[in-house]
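In the UniProt record's numbering, the protein residues as written are 1 to 163.
Printed below as a string of structure tokens:
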């Protein structure tokens with residue numbers, strides 16, 4: 001009977017991976033908006049997931065408290081790429097508060113079984129199967145964390161010039 005256990009475990013792992021890497025998730029990962037780098041951005045932040053080595057570099061410009069130009073260089077697994085895709089589709093026009101809220105909601109969605117992040121970031125629902133893969137959460141959070149931190153840099157720079 002113990003000889004059957006590895007086969008069952010292997011079959012279960014295959015089923016779990018098929019759920020994790022759904023067609024919707026892979027489609028997001030394959031089509032990441034706003035990739036590349038900006039020339040002379042107001043802020044640039046690189047975030048790295050220490051466990052897997054995934055990185056996301058975000059460049060952005062802010063005017064009137066909203067993101068007006070954005071680019072991201074994504075070197076991550078399919079989960080990190082899918083998360084960057086959702087961000088790239090909706091980041092233009094967002095405020096720093098909206099980015100911080102989306103990042104907090106995504107973290108709660110993954111780590112605390114919270115609700116799907118609110119509009120316009122409800123596309124993160126495609127990452128629902130990743131809740132069970134705690135070692136992947138950091139990669140999923142990279143793009144939003146980098147965007148939030150880059151936005152904060154522009155606010156800090158504005159505060160310094162207004163002092």
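Every residue, glycine too, gets a C-beta built ideally from N, C-alpha and C.
Beta bridge counterpart(s) of residue i as assigned by DSSP
i: residue 63; result: 66
i: residue 35; result: 72
i: residue 86; result: Note: residue 86 sits in no beta bridge, so no partner.
i: residue 55; result: 48, 75
i: residue 43; result: 60
Three-way DSSP call (helix, strand, coil) for residue i in this model
i: residue 164; result: Past the boundaries of the shown model lies residue 164; the chain is included only from 1 to 163, so the question cannot be answered.
i: residue 72; result: strand
i: residue 116; result: coil
i: residue 91; result: coil
i: residue 148; result: helix
i: residue 124; result: helix
i: residue 20; result: helix
Beta-carbon proximity check, residue i vs residue j, cutoff 8 Å
i: residue 138; j: residue 51; result: yes
i: residue 67; j: residue 151; result: yes
i: residue 133; j: residue 20; result: yes
i: residue 71; j: residue 140; result: no
i: residue 48; j: residue 61; result: no
i: residue 87; j: residue 147; result: yes
i: residue 80; j: residue 144; result: no
Residue i - containing alpha helix (DSSP H), residue span
i: residue 109; result: 96-111
i: residue 24; result: 23-30
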